[in-house]
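Colleague: Chains as they are written, first to last, in the working numbering: chain C, 49 to 249; chain X, 49 to 249.
Starting off with a structure, shown below.
Okay, here's the thing in structure tokens:
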């Protein structure tokens, strides 16, 4: 593309490095910022810098936090005996938005992936096991991706956690709500038949 | 949405003010920045600030420019007797990318819109007319939106430009290339019949 200005070109280049923003959207964003009040650009730039340099992670569950320990971990009204293990903070947000879970969390920081060279020691697994040893944990719920790597990680964790005599469960996998059987992939459909539940009478 | 941190909330809020980015995409962008090297965020913030505060507009055609006069206006190889009138710099880029036009440009900065309170004096119309009076202009091509406001502006400009004895043309409107008649709106189809051209033999 021919840019009318090096400043525009550089801004478009930087914006289009963001996920799911192509060069056309980036140009639209840049042009929109040029039309709007300069304070909008300043506030955006400041918010991003501030975020990147001042972000903290909870010492207990490793989720993104405003202080050394996050609000969820500090909340005494939450069930202290259940820990839900997830890959990243975004998953905590997703589960919180369902309003179906009132226990604690533990963010692994990823999943075991031999191909990418990520082993158990690269994840927050040791701190999870020591939380289980020190706190009164009765159940650990694994809420990991339903991928090969997610399953490997779940298998690894389940073994370690059961050694400490704690119950391990995994979130249900199956046909999504509102989903039509016709469009479900064979793996999901097969698994949902194997793990069928008796209907409440 | 429940945010794990005020820093994340503020960043998501600012990012989702950008065009065509909703709160979910904004969160994805923010999380991606947190994963990437801090230098990426710094470069992005710097590029946006620099763009917003140091951008210049060409004194002649009012397009975005790196200097007082833009490269297109400075390029003596371009046809100096034709001016293509557009609404915004983005339209200049779009036409440049076609490689079909070698004349000069003039950016109006918008279109006449009584509803939004934009009159001829709010646009770069006076400077267009003085360019036509001072330079050796033979033809002015109007490349404005095919909306009510665009048509009003074209009508207004055509009258003023013809008073100076200069030819006025407008870009062709019709069925887009590769477009199927079935899916064309009635207005476009009707107009394309009215403005039909004899086929080259």
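Cβ coordinates follow ideal geometry from the N, Cα and C atoms, glycine included.
Less than 8 Å separating the beta-carbons of residue 88 of chain X and residue 81 of chain X?
Modeller: yes
Colleague: Closest to residue 125 of chain X by C-alpha separation, out of X:68, X:114, X:131 and X:150, would be which residue?
Modeller: X:150
Colleague: For the beta strand (DSSP E) holding residue 101 of chain C, just list the boundary residues, first then last.
Modeller: Counting along the chain, residue 101 of chain C falls outside any beta strand (DSSP E), though it belongs to the alpha helix (DSSP H) covering 86 to 102.
Colleague: According to DSSP, is residue 37 of chain X part of a helix, a strand, or is it coil?
Modeller: There is simply no residue 37 of chain X to check, as chain X begins at 49 and stops at 249 in what is shown.
Colleague: Could you tell me the distance, in whole angstroms, from the CA atom of residue 60 of chain X to the CA atom of residue 103 of chain C?
Modeller: 14 Å
Colleague: Indicate whether residue 154 of chain C and residue 179 of chain C have their beta-carbon atoms separated by less than 8 Å.
Modeller: yes
Colleague: Which residues in chain X have a C-beta closer than 9 Å to the C-beta of residue 146 of chain C? List them in chain order.
Modeller: What residue 146 of chain C touches in chain X: nothing, since even the nearest Cβ is about 11 Å away.
Colleague: Do residue 161 of chain C and residue 211 of chain C have their CB atoms nearer than 8 Å?
Modeller: no
Colleague: Throw me the rounded Cβ distance for the residue 64 of chain X and residue 73 of chain C pair, which I believe falls under 8 Å.
Modeller: Going by Cβ atoms, the distance from residue 64 of chain X to residue 73 of chain C rounds to 14 Å, so no, they are not a contact pair.
Colleague: For residue 106 of chain X versus residue 117 of chain X, is the C-beta spacing smaller than 8 Å?
Modeller: yes
Colleague: Would you kindly report the start and end of the unbroken alpha helix (DSSP H) that includes residue 120 of chain C?
Modeller: 119 to 122
Colleague: Give me the Cβ distance between residue 184 of chain X and residue 128 of chain X, rounded to the nearest whole Å; I'm assuming they're in contact under 8 Å.
Modeller: 7 Å
Colleague: What are the residues in the region 108 to 125 of chain C lying within 7 Å of chain X by C-beta distance?
Modeller: 111, 112, 113, 114 and 118
Colleague: Of all the options C:52, C:115, C:146 and C:173, which has the alpha carbon lying nearest to the alpha carbon of residue 145 of chain X?
Modeller: C:52
Colleague: For a quick check, are the C-beta atoms of residue 112 of chain X and residue 134 of chain C less than 8 Å apart?
Modeller: no
Colleague: First and last residue of the alpha helix (DSSP H) that includes residue 12 of chain C?
Modeller: Missing from the structure shown is residue 12 of chain C; chain C here goes from 49 to 249 and no further.
Colleague: Name the residue from C:200, C:188 and C:141 whose alpha carbon lies nearest to the alpha carbon of residue 167 of chain C.
Modeller: C:200
Colleague: Output the boundary residues of the alpha helix (DSSP H) element that contains residue 236 of chain X.
Modeller: 234 to 242
Colleague: Determine the direct distance from the alpha carbon of residue 62 of chain C to that of residue 289 of chain C, and round the result to whole angstroms.
Modeller: Here chain C comprises residues numbered 49 to 249, so residue 289 of chain C is not present and cannot be evaluated.
Colleague: Could you tell me whether any Cβ in chain C is nearer than 8 Å to the Cβ of residue 79 of chain X?
Modeller: By this cut-off, residue 79 of chain X is an interface position.
Colleague: Under 8 Å, CB to CB, which of the residues in the region 55 to 67 of chain C have a partner in chain X?
Modeller: If you check each beta-carbon in the region 55 to 67 of chain C against every beta-carbon of chain X, the ones closer than 8 Å belong to 55, 56, 58, 59, 61, 62, 63, 65, 66 and 67.
Colleague: How would you label residue 58 of chain X, buried or exposed, when you count the other beta carbons within 10 angstroms and need 16 or more for buried?
Modeller: Residue 58 of chain X is buried by the Cβ-count criterion.
Colleague: By the 10 Å Cβ neighbour count, where 16 or more other Cβ atoms means buried, how is residue 207 of chain C classified, buried or exposed?
Modeller: Residue 207 of chain C is exposed by the Cβ-count criterion.
Colleague: Figure out for me which residue from X:79, X:96 and X:86 has the closest Cα to the Cα of residue 85 of chain C.
Modeller: The option with the nearest alpha carbon to residue 85 of chain C is X:96.
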